[in-house]
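S.K.: If you scroll down you'll find the structure; I have some questions about it.
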Amino acid sequence: MESEAWEEGQVEEALRVRQFENPPSPEDFSTEIEPTNVPAVIHGAVKDWKAFSKWNPFNGGLDYLEEKAGSAVVEAMYSKSAPVFYGNLRSHERVPIPFSTFIASCKLYLQKVNVVSTSTTVTEESSLEPSYSKEVCSTSVDTSDQFYIAQVPILNTESKERCQLEILREDIQMPVFIGMKTLASVNLWMNRTRSRSSTHYDPHHNLLCVVAGSKEVVLWPPSACPFLYPMPIYGEASNHRFHQVDSNELTIAVNFWWKSNMMSSMLEHMDGYYLRRILSRLVDKEMNQMLRNSMVHNFKGTENPAVTREGSEGDHDFDSNHQKEGSKGICGKHGLLQQLEPHALRLLYELLSLVHDTVKASGQDQAVDSNSLKDLSVNSRAEYKQIATDGSCLMENDPVASIFLAVEPLLLHRILLVLVHHFPRSLEALILHMLSPTAAEVLTRKFDGMDQQTTKEQQDEFYQLFYSIFDDQYAAMDSILNGKELFAFQAFRNVLDQYLGVSINKPK
Numbered sequence: 001m002e003s004e005a006w007e008e009g010q011v012e013e014a015l016r017v018r019q020f021e022n023p024p025s026p027e028d029f030s031t032e033i034e035p036t037n038v039p040a041v042i043h044g045a046v047k048d049w050k051a052f053s054k055w056n057p058f059n060g061g062l063d064y065l066e067e068k069a070g071s072a073v074v075e076a077m078y079s080k081s082a083p084v085f086y087g088n089l090r091s092h093e094r095v096p097i098p099f100s101t102f103i104a105s106c107k108l109y110l111q112k113v114n115v116v117s118t119s120t121t122v123t124e125e126s127s128l129e130p131s132y133s134k135e136v137c138s139t140s141v142d143t144s145d146q147f148y149i150a151q152v153p154i155l156n157t158e159s160k161e162r163c164q165l166e167i168l169r170e171d172i173q174m175p176v177f178i179g180m181k182t183l184a185s186v187n188l189w190m191n192r193t194r195s196r197s198s199t200h201y202d203p204h205h206n207l208l209c210v211v212a213g214s215k216e217v218v219l220w221p222p223s224a225c226p227f228l229y230p231m232p233i234y235g236e237a238s239n240h241r242f243h244q245v246d247s248n249e250l251t252i253a254v255n256f257w258w259k260s261n262m263m264s265s266m267l268e269h270m271d272g273y274y275l276r277r278i279l280s281r282l283v284d285k286e287m288n289q290m291l292r293n294s295m296v297h298n299f300k301g302t303e304n305p306a307v308t309r310e311g312s313e314g315d316h317d318f319d320s321n322h323q324k325e326g327s328k329g330i331c332g333k334h335g336l337l338q339q340l341e342p343h344a345l346r347l348l349y350e351l352l353s354l355v356h357d358t359v360k361a362s363g364q365d366q367a368v369d370s371n372s373l374k375d376l377s378v379n380s381r382a383e384y385k386q387i388a389t390d391g392s393c394l395m396e397n398d399p400v401a402s403i404f405l406a407v408e409p410l411l412l413h414r415i416l417l418v419l420v421h422h423f424p425r426s427l428e429a430l431i432l433h434m435l436s437p438t439a440a441e442v443l444t445r446k447f448d449g450m451d452q453q454t455t456k457e458q459q460d461e462f463y464q465l466f467y468s469i470f471d472d473q474y475a476a477m478d479s480i481l482n483g484k485e486l487f488a489f490q491a492f493r494n495v496l497d498q499y500l501g502v503s504i505n506k507p508k
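Note that our numbering has the sequence shown beginning at 1, numbered continuously upward.
Structure, rendered in structure tokens:
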């Protein structure tokens with residue numbers, strides 16, 4: 001427990017926002033900051049910009065901006081939910097307005113601030129308040145506070161259109177430590193009153209430079225994404241830091257966007273390969289999670305007190321069935337049953353009980369043989385396929401999978417050999433007619449575990465004995481592989497639903 005707590009502490013420390021009192025060198029940024037994908041605060045990165053002294057709204061900056069770029073028409077974000085601005089298309093409009101009109105509204109707000117600071121009296125806005133919202137906007141709401149200059153391009157290498165505020169480019173400099181990066185865009189952000197962006201993520205690496213005013217950025221790591229949004233966000237949650245930005249009044253910022261090294265290295269002709277590898281990793285991860293969920297579900301008090309070695313009613317039934325089923329084993333192997341410890345015997349009897357109960361439920365109260373359980377094949381396979389089609393949980397009420405999960409590979413190896421030599425027809429029924437997708441997946445994973453702990457000769461002998469009890473060995477293999485495919489398909493469905501919001505009904 002102490003080591004786990006130490007490891008968690010190390011992870012938390014690694015994710016902590018780092019502070020740099022001076023801008024790093026390009027080498028340090030590229031090797032120590034950018035690859036970690038952990039937010040960093042860098043002080044003094046823009047103090048030498050012309051914009052840093054010229055754009056300050058409280059020191060003549062609004063007049064400067066109006067004179068320099070007032071004639072430009074910019075697309076402002078208009079939202080009725082202001083001062084909170086939501087980025088989704090249903091919650092805002094992109095409205096073209098003259099930059100000078102927005103500057104004029106900022107000047108008016110600044111006058112109000114000055115009046116309040118000197119007289120402590122809040123005055124109504126005068127008739128100088130611009131009426132642009134009625135003239136250039138599709139809404140009838142006449143308030144400047146519902147507009148936000150958000151992500152207005154100063155530079156955009158991904159678009160051939162002329163940038164609206166390109167003239168401001170000469171007032172800023174590309175920070176030296178990202179000088180070797182290929183920029184996607186440089187954008188201006190400017191708000192009149194206090195504002196808040198909705199929780200969102202950026203499509204590229206982002207350097208946010210506050211030129212005037214202040215911003216508070218709240219960030220969440222990718223692991224927190226499932227707890228942030230009331231609606232599905234699918235693939236957006238996989239590798240980004242969602243964040244929310246609060247801006248003080250009359251705040252101006254410039255941000256630089258560039259592609260990460262990983263994205264820059266992903267060549268287009270390899271997209272199909274990357275997709276397959278990513279899907280494969282996500283499906284493997286989901287399959288492991290499904291089995292963990294299965295373990296939690298099936299081990300909540302699922303002990304079967306009716307199945308015990310001593311004094312159980314089933315003991316005589318199993319003994320008699322042992323006599324009826326006979327043995328296909330090699331001479332000298334019959335002692336395997338007596339060598340099993342009580343825990344292994346209990347698991348063996350549980351498996352046999354499940355098979356025999358299924359036989360009784362099907363109306364065949366005779367010794368277990370292939371013919372008596374043929375009717376189960378159609379029903380069970382149809383049921384498992386329906387499970388995969390309607391998206392039901394494959395783990396619940398699966399006692400066979402529960403038993404397989406509860407036993408170590410080598411112990412299951414011994415139990416299966418006992419079934420081979422003493423209860424071959426029960427094993428045949430179990431594999432051909434009662435193996436759920438989850439049980440098939442667990443069984444093959446146990447096979448892998450056995451192979452890791454036995455020699456090649458022992459493996460060959462075991463599988464030869466295991467498949468020898470089936471009249472049709474290929475049918476046994478098909479039963480196991482079909483179950484594995486259904487389990488993997490359900491995991492694939494879960495991945496598509498979780499990350500893409502896509503639903504599919506059946507495997508191709």
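Where is the CB? At the ideal position from N, CA and C, for every residue including glycine.
(1) Candidates V95, V74, L65: which alpha carbon is nearest K107's?
(2) To the nearest angstrom, how far is it from the Cα of E408 to the Cα of S468?
(3) Would you call Y474 buried or exposed, if buried means 16 or more other Cβ atoms sit within 10 Å of its Cβ?
(4) Among I480, D451, P83, R425, which one has its Cα closest to the Cα of I436?
(5) Assign T585 to one of three DSSP states: helix, strand, or coil.
(6) Report the rounded CA-to-CA distance for A253 versus G272, giving the unit in angstroms.
(7) Mind the definition here: the segment 92-101 touches the segment 168-178 only if three or more C-beta pairs lie below 8 Å; say whether that holds.
(8) So, A488 versus A439, is the Cβ gap smaller than 7 Å?
(9) With the cut-off set at 7 Å, would you say V186 and F256 are in Cβ contact?
(10) Evaluate F58 with the Cβ neighbour count: other Cβ atoms within 10 Å of its Cβ, from every protein chain shown; 16 or more gives buried, anything less gives exposed.
(11) Going along the chain, which residues of its own chain have a beta-carbon closer than 7 Å to the beta-carbon of E310, five neighbours each way excluded?
(12) Could you spell out the range, first to last residue, of the alpha helix (DSSP H) harbouring S198?
(13) Indicate the three-state DSSP secondary structure (helix, strand or coil) for S353 in the structure shown.
(14) Under a Cβ-count criterion, where at least 16 other Cβ atoms within 10 Å of its own Cβ denotes burial, should R511 be classed as buried or exposed?
(15) Going along the chain, which residues of its own chain have a beta-carbon closer than 6 Å to the beta-carbon of V495, five neighbours each way excluded?
(16) Which of helix, strand or coil does DSSP assign to P39?
(17) With distances taken Cα to Cα, identify the nearest neighbour of L62 among S81, Y78, L110.
(18) Give the straight-line distance between the Cα atoms of A40 and S247, rounded to the nearest whole angstrom.
(19) Check the DSSP bridge columns for H243 and list the partner residues they point to.
(20) Note down, one range per segment and in chain order, each alpha helix (DSSP H) of at least 4 residues found wholly within the segment 43-80.
(21) Can you check whether the C-beta of Q151 is within less than 7 Å of a C-beta belonging to chain D?
M.R.: On the basis of the supplied data:
(1) Shortest Cα-Cα distance from K107 to any of V95, V74, L65 involves L65.
(2) E408 and S468 have their C-alpha atoms roughly 23 Å apart.
(3) With a threshold of 16 other beta carbon atoms within 10 Å, Y474 falls short and is exposed.
(4) Note on residue identity: the sequence assigns Ser, not Ile, to residue 436. Ranked by how close their Cα comes to the Cα of S436, the residues I480, D451, P83, R425 have I480 in first place.
(5) Nothing in the structure corresponds to residue 585, since the chain is present only between 1 and 508.
(6) Between A253 and G272, the C-alpha separation is close to 38 Å.
(7) Contact between the segment 92-101 and the segment 168-178 is absent, because fewer than three Cβ pairs lie under 8 Å.
(8) A488 places its beta carbon 7 Å or farther from that of A439.
(9) Against a cut-off of 7 Å, the Cβ pair of F256 and V186 comes out as a contact.
(10) By the Cβ-count criterion, F58 is exposed, with fewer than 16 other Cβ atoms from all chains shown falling within 10 Å of its own Cβ.
(11) Since pLDDT at E310 reaches only 38, below the 50 mark, its modelled position is unreliable, and the value read off the structure follows with that caveat. Excluding sequence positions up to five before and after E310, its CB lies less than 7 Å from no other CB in the same chain.
(12) Boundaries cannot be given for S198, as no alpha helix (DSSP H) includes it and DSSP labels it neither H nor E.
(13) Three-state result, S353: helix.
(14) The structure shown has nothing for residue 511, since the chain only spans 1 to 508.
(15) Here V495 has L282, V283, E286 as same chain residues with Cβ atoms under 6 Å from its own Cβ, once five neighbours each way along the sequence are excluded.
(16) It is coil, neither helix nor strand.
(17) Out of S81, Y78, L110, L110 has the C-alpha closest to the C-alpha of L62.
(18) Rounded to the nearest angstrom, the two C-alpha atoms are 18 Å apart.
(19) DSSP lists H200, L219 as partners of H243.
(20) If we require 4 residues or more, the alpha helix (DSSP H) runs fully inside the segment 43-80 come out as 50-54, 61-69.
(21) Looking for chain D here will not work: only one protein chain is present.
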